[in-house]
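Reviewing the structure listed below.
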Amino acid sequence: MQTQVREWGNSQGIRLSKEILKTAGIELNEVLDVTVSNGVITLVKAFRHRTLEERAAEFGGKLDLDGEYDWGESVGREAW
């Protein structure tokens, strides 16, 4: 695919198709890190820690924080 640098208000910009963004796993309004090296512009999804709510959603909203957890057999001088 090719695209063109165009005027966008007081700036310049490029447009990327939905298919390209979907293939790259980039969603609308997502923050990207931009680097330039030897004339090459690289866009990378910015690392962001997920919130507790986002993490809980992966488990159906249940965190089950109370109770004990089985860490397995001791491997050193731990006292259980």
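Residue numbers (my numbering): 35 to 114.
Heads up, the beta-carbon is just placed ideally off N, CA and C, and yes, glycines get one too.
Distance from the Cα of Glu61 is smallest, within the candidate group Leu50, Ser71 and Ala91, for Leu50.
In the displayed model, Ile54 falls within a helix according to three-state DSSP. Assignment of Glu64 by DSSP, reduced to helix, strand and coil, places it in the coil class. Each of Ile54, Glu53, Gln38 and Gly94 was checked against the Cα of Gly47, and the nearest Cα belongs to Gln38.
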